[in-house]
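Each remark here refers to the structure printed beneath this line.
Residue numbers (the numbering used here), protein chains in the order written: chain A, -18 to 436; chain B, 356 to 659; chain C, 11 to 331.
The structure is reproduced here in structure tokens:
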């Protein structure tokens, strides 16, 4: 392949140029503000100041692979446009339902994508440990993350002491979706405490309706919405410290505190009177696809649905998502006062499988303030980047999410199942939730998950 | 992804049966009223699922969400909006359509040609270990192609053809060979030995016999296998998503549709339209060429 | 690459291929008649080379890896196989595979046979056959989508209408709608229905030809003896086409063992529906356990051996004739 090595030579020149530019840019602290502003001042002509550090990458191609398929891929690809325009590089994007299986095949076949957007830190860790194929994050990108993100985001992307994944999107899971207009008509108030939440549920039952709807279905990832429920309650009953011990397996999965969290969730999800509005009985939770699970709220068959901020994309056209609109979300209240109001969230990470300068440049760009602001402007996205102004987000839910993530007081915790080893986090915990909601007892469930933990 | 071609025992058995004089047979068998009813029920069961989804793909999104397709008869509303969204929603599908075509044509021609040569050799040439080798080729049908993905991909990467159409052409060729050789062998075998001998006496070598005598005789079988292979390649998703790296350049329609609608999503308005976009070509081809397919399938089996 | 370039590449590939094949044939054709071995090699070698690289090597590699750990670093003996036969989830996978490979061929063949007999030489034979035949042209992913819509579940509550046909039928009959793809163990049967739907056309075509080939003197003699209807079917038709039946059964069995798209698309192997081919993909690729996945693939080889052995025996008989 003479062609590609020649290209490599040219690109190397570009890298040398870009490194010196980065060094120059890092001299002043105001670099951040400049680049963040670049996205907005663009107007008609694209302002390419942000891209100077990447140099001229004309003729080079970066392949990006992820789980994100239509319709979410359109705004994502649009957010790459400015980079392509200003550096001359081409970003070749591919999304697949089969990402989790195909990525290892491609890695082992010697044909990995240049960059992959990895939805769980646990998957990143197994890719690093099993295949030794992930390239550590370039220093400039790390500097970007250190400057604009909470330090914990570095930790999520770190495997065995080396930093491999830069933060991409983020989401807040601690939301309960409801219909403000329906609440108003029925005279219900948004609950501020867990007790209020239960009291409201009882009230709805008394009024002859079913308060909750839920759905764990998600293809071969079926069960994950259930793990979110348990994690939320775990944070609220046992507290963040025990939560950390739990996902690190410093306490066993069948610890009494975990059992308590399951049972607290069970008071809602396994309560025949509380579920499953518009969808069926308790067992129907296992099969209802998570995308569909909140929709009965629109028809008045259900009142509350716990799901992350990204669920707003599922309401469909013509549904107004706003505090005084058709649907909106309230914060899932805390339980034990001593643990405050914890926030559960998740996010994706960008990992590189090639060291070519254009790949490093693009990974660096994806970690920059400029890209996160740019991506936010295309909609349906939340970033953990603190420099992205709240009003850059177009939707009220995303603004709320961003506020919560950026709040230094919030006790933010990453989705535990995403941090657990894949055998548990993407298999046993998921199937455990399905079994649990279709009849298995809490003790059986946690024992089975504990048994699946790799030695 | 299934092998649906008769195996030798069938060829063999059917070939030994004395041809029936069909005209001599009576029309009475199970043709009672009950028999017609059972046949009708099976036919309806076999069509209804497809029909239901087809009708669904033309219904407005809101109707699809709230009621079953049979309600359409009470409230007949049709729309092309779902197809519009699938076909023109993202990038145009025509690129992928062309990719599918470019992938499929060589993926049919190459394995069929190679298999013809090998099948002829296994049927009519003498060489050491011939029968053992043939059994081995037959037995290779059992290898699930998933086990070959990583080793093949590695070879493509090492030889630098990754990202082109070659990995797809070569992979489809390899995966088709065991069945193709096996099937075509049976058809070559059916050709009467006297024809061979006559040609040999005339001084014809194997190449001449193969090209002049054999190929014309087994054309129906070749056509049948070619149609089968066309369906296989056109419908394939697994090889496509593994080998067609480089997205737009080489990805076939199936891979793009999977990306557009997600095979497991719950957006039925997109799923139904997407499914029919992918189904329409193979079904049309199949129905048009069905005669050749059936004839080829049976050419070697029912003589006369 | 633009369209022109793509078609150019395609033409080039075909031309290149035709050129190479032509050269081989030309060279062989010029060889002296006695050089049989060389001629044979030229005919067989292209196929054998491709098969060696693309199937034999991966198969051998898989067998080798089945005795190693998840990353193929450490020899673990038969641990992976022990795991398959002791882990309760794996046993369910084996059970499901057994159900699939027994039921699918039987049902598809039975329905194909009955239908072939029923429509044989009726006025609408061609059209009637096309109806059953058509699913063969649909990809398994497409077939899965079609059937998922049939099985779609909506709860039995006010304001909610069924959208899946099967559940609507249950409701019309006054029963509760069901989760067809979730309720074990019946969900496996509902998945099998899809494979039967696809394969019955194949069975019907082949068996129909076999039926047409039954000598008329046999049927006439039977009619003189007073055999009609079901008894005719039972005592004359079925025995006469027995070998064809066996072959259809074994062919569908092999196809069934390798099928994974249906399970993958509809349940992803959840709700106790996984089969070996699907579990191989999940374990080997999504979970990165090469050892266990390879052992599962070896199980597939082993399961198919009896079928292949049977066919090889038929093959041998044919050679002797």
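Note that CB positions come from ideal geometry on N, CA and C, so glycine has one too. Model, not experiment: these values are computed from the prediction.
* If you run the structure through DSSP and keep just helix, strand and coil, what is residue 323 of chain A? -> Along the first chain, one-based indexing puts residue 323 of chain A at 342. Residue 323 of chain A sits in a strand when the DSSP states are folded into three classes.
* So is residue 327 of chain C buried or exposed if we call it buried at 16+ other beta carbons inside 10 Å? -> Numbered from 1 along the third chain, position 317 holds the residue referred to as residue 327 of chain C. Per the 10 Å Cβ criterion, exposed.
* Which first and last residues belong to the alpha helix (DSSP H) in which residue 102 of chain C is found? -> Position 92 of the third chain, counted from the start, is the residue given in the question as residue 102 of chain C. For residue 102 of chain C, the enclosing alpha helix (DSSP H) stretches over residues 98 to 129.
* To do: Check whether the segment 319 to 332 of chain A touches the segment 208 to 220 of chain A, taking contact to mean three or more Cβ pairs, one atom from each stretch, closer than 8 Å.
  => Counting C-beta pairs with one atom in each stretch, the segment 319 to 332 of chain A and the segment 208 to 220 of chain A have three or more that are closer than 8 Å, which means they touch.
* Asked: Under 9 Å Cβ-Cβ, which residues of chain B neighbour residue 290 of chain C?
  -> Position 280 of the third chain, counting from 1, holds the residue named residue 290 of chain C. Simply 499, 501, 502.
* Determine the closest residue to residue 85 of chain A out of A:43, A:112, A:67, with distance taken between C-alpha atoms. => Numbered from its first residue, the first chain carries residue 85 of chain A at position 104. Out of A:43, A:112, A:67, A:112 has the C-alpha closest to the C-alpha of residue 85 of chain A.
* Between the Cα of residue 163 of chain A and those of A:155, A:123, A:307, A:232, spot the shortest distance and give me the residue it belongs to. => Translated into positions along the first chain, residue 163 of chain A becomes position 182. Minimum Cα distance to residue 163 of chain A is reached at A:307.
* Asked: Thinking C-alpha only, which one of C:144, C:65, C:223, C:193 is nearest residue 130 of chain C?
  -> Stepping through the third chain from its first residue, residue 130 of chain C is reached at position 120. Of C:144, C:65, C:223, C:193, the residue nearest in Cα terms is C:223.
* If you run the structure through DSSP and keep just helix, strand and coil, what is residue 333 of chain A? -> Against the first chain, residue 333 of chain A aligns to sequence position 352. Residue 333 of chain A carries a strand assignment under DSSP once its states are collapsed to helix, strand and coil.
* Asked: To the nearest angstrom, how far is it from the Cα of residue 190 of chain C to the Cα of residue 257 of chain A?
  -> Walking along the third chain from the start, residue 190 of chain C turns up at place 180. Walking along the first chain from the start, residue 257 of chain A turns up at place 276. The straight-line gap from Cα to Cα measures roughly 18 Å.
* residue 362 of chain B versus residue 135 of chain C: straight-line alpha-carbon distance, rounded -> Start at 1 with the first residue of the second chain, and residue 362 of chain B comes out as number 7. Start at 1 with the first residue of the third chain, and residue 135 of chain C comes out as number 125. A caution first: residue 362 of chain B carries a pLDDT of 43, below 50, which makes its placement in the model too unreliable to give a value.
* Asked: Going by the CB atoms, is the gap between residue 260 of chain A and residue 196 of chain A shorter than 8 Å?
  -> Translated into positions along the first chain, residue 196 of chain A becomes position 215. Translated into positions along the first chain, residue 260 of chain A becomes position 279. Against a cut-off of 8 Å, the Cβ pair of residue 260 of chain A and residue 196 of chain A comes out as a contact.
* To do: Kindly indicate which three-state DSSP category residue 145 of chain A falls into: helix, strand or coil?
  => On the first chain, position 164 is the one that residue 145 of chain A refers to. Three-state DSSP puts residue 145 of chain A in coil, outside helix and strand.
* With 16 as the cutoff for other CB atoms within 10 Å, does residue 56 of chain C come out buried or exposed? -> For the purposes of this step, residue 56 of chain C is identified with residue 46 of the third chain, where counting begins at 1. Per the 10 Å Cβ criterion, buried.
* Under a CB-based cut-off of 8 Å, is residue 431 of chain A close to chain C? -> Position 450 of the first chain, counted from the first residue, corresponds to residue 431 of chain A. Not an interface residue.
* Cross-chain neighbours of residue 597 of chain B in chain A, by beta carbon under 7 Å -> Along the second chain, read from residue 1 onward, the residue named residue 597 of chain B stands at position 242. Residues of chain A passing the Cβ test: 83, 86.
* Which residues of chain C have a Cβ atom closer than 8 Å to the Cβ of residue 404 of chain A, listed in chain order? -> Locating residue 404 of chain A in the first chain gives position 423, counting from the first residue. Under the 8 Å cutoff, chain C gives 297.
* Alpha carbon of residue 388 of chain A to alpha carbon of residue 131 of chain A, nearest angstrom -> Position 407 of the first chain, counted from the start, is the residue given in the question as residue 388 of chain A. Position 150 of the first chain, counted from the start, is the residue given in the question as residue 131 of chain A. The straight-line gap separating the alpha-carbon atoms of residue 388 of chain A and residue 131 of chain A is approximately 10 Å.
* To do: In angstroms with no decimal places, state the Cα-to-Cα distance between residue 330 of chain A and residue 136 of chain A.
  => Along the first chain, read from residue 1 onward, the residue named residue 330 of chain A stands at position 349. Along the first chain, read from residue 1 onward, the residue named residue 136 of chain A stands at position 155. Looking at the two C-alpha atoms, the distance is approximately 12 Å.
* Asked: Helix, strand or coil for residue 272 of chain A per DSSP?
  -> Taking the first residue of the first chain as position 1, residue 272 of chain A is located at position 291. In the structure shown, the three-state DSSP call for residue 272 of chain A is helix.
* Asked: How would you label residue 410 of chain A, buried or exposed, when you count the other beta carbons within 10 angstroms and need 16 or more for buried?
  -> As a position in the first chain, residue 410 of chain A is number 429, starting the count at 1. Residue 410 of chain A comes out buried.
* Is it the case that the Cβ atoms of residue 462 of chain B and residue 521 of chain B are separated by a distance below 8 Å? -> For the purposes of this step, residue 462 of chain B is identified with residue 107 of the second chain, where counting begins at 1. For the purposes of this step, residue 521 of chain B is identified with residue 166 of the second chain, where counting begins at 1. It is not a contact, given that the beta carbons lie outside the stated cut-off.
* Against chain A: residues of the segment 168 to 181 of chain C by CB proximity under 7 Å -> Taking 7 Å as the Cβ-Cβ cut-off against chain A, the residues of the segment 168 to 181 of chain C that qualify are 169, 170.
* Asked: DSSP three-state call for residue 8 of chain C: helix, strand or coil?
  -> Residue 8 of chain C falls outside the range modelled here, since chain C spans only 11 to 331, and no answer is possible.
* Asked: Which residues in chain C sit within 8 Å of residue 481 of chain B, going by Cβ to Cβ distance?
  -> Indexing the second chain from 1 puts residue 481 of chain B at position 126. Chain C residues near residue 481 of chain B: 46, 50.
* Secondary structure at residue 402 of chain B, three-state DSSP: helix, strand or coil? -> The count along the second chain starts at 1 and reaches residue 402 of chain B at position 47. Reduced to three states, the DSSP call for residue 402 of chain B is helix.
* Asked: To the nearest angstrom, how far is it from the Cα of residue 539 of chain B to the Cα of residue 202 of chain C?
  -> Working through the second chain from its first residue, we reach residue 539 of chain B at position 184. Working through the third chain from its first residue, we reach residue 202 of chain C at position 192. Answer to the nearest angstrom: the Cα atoms are 30 Å apart.
* To do: Going by CA-CA distance only, name the one from A:54, A:424, A:51 that's closest to residue 244 of chain A.
  => Here residue 244 of chain A refers to the residue found at position 263 of the first chain. If we check each option's Cα against that of residue 244 of chain A, A:424 comes out closest.
* **Beta-carbon proximity list for residue 39 of chain A, same chain, < 8 Å, skipping 5 on both sides** => By one-based count along the first chain, residue 39 of chain A stands at place 58. Taking residue 39 of chain A as the centre and dropping the five residues before and after it, the same chain places the C-beta of 68, 69, 70 closer than 8 Å to its C-beta, in chain order.
* Asked: Are the CB atoms of residue 195 of chain C and residue 164 of chain C nearer to each other than 8 Å?
  -> Here residue 195 of chain C is taken as the residue at index 185 of the third chain, counted from 1. Here residue 164 of chain C is taken as the residue at index 154 of the third chain, counted from 1. No; because the gap between Cβ atoms is not below 8 Å, this pair is not in contact.
* To do: Assign residue 414 of chain A to one of three DSSP states: helix, strand, or coil.
  => Residue mapping note: residue 414 of chain A aligns to position 433 of the first chain, counting from 1. Looking at residue 414 of chain A - three-state DSSP - the assignment turns out to be helix.
* Asked: Beta carbon of residue 408 of chain A, beta carbon of residue 391 of chain A: below 8 Å?
  -> Against the first chain, residue 408 of chain A aligns to sequence position 427. Against the first chain, residue 391 of chain A aligns to sequence position 410. Using a Cβ distance threshold of 8 Å, residue 408 of chain A and residue 391 of chain A do not count as a contacting pair.
* To do: At 9 Å on the CB atoms, spell out the chain A contacts of residue 613 of chain B, in chain order.
  => Walking along the second chain from the start, residue 613 of chain B turns up at place 258. One finds 50, 77, 78, 79 in chain A with Cβ atoms closer than 9 Å to the Cβ of residue 613 of chain B, taken in chain order.
* Per DSSP, which one or two residues make a beta bridge with residue 430 of chain A? -> Mapped onto the first chain, residue 430 of chain A falls at position 449. Paired residues: none, contrary to the question.
* Using a Cβ-Cβ cut-off of 8 Å, state whether residue 191 of chain C counts as contacting chain A. => Locating residue 191 of chain C in the third chain gives position 181, counting from the first residue. Yes, contact with chain A.
* Asked: How many Å lie between residue 207 of chain C and residue 262 of chain C at the Cα?
  -> As a working mapping, residue 207 of chain C is identified with position 197 in the third chain. As a working mapping, residue 262 of chain C is identified with position 252 in the third chain. Roughly 12 Å separates the two Cα atoms.
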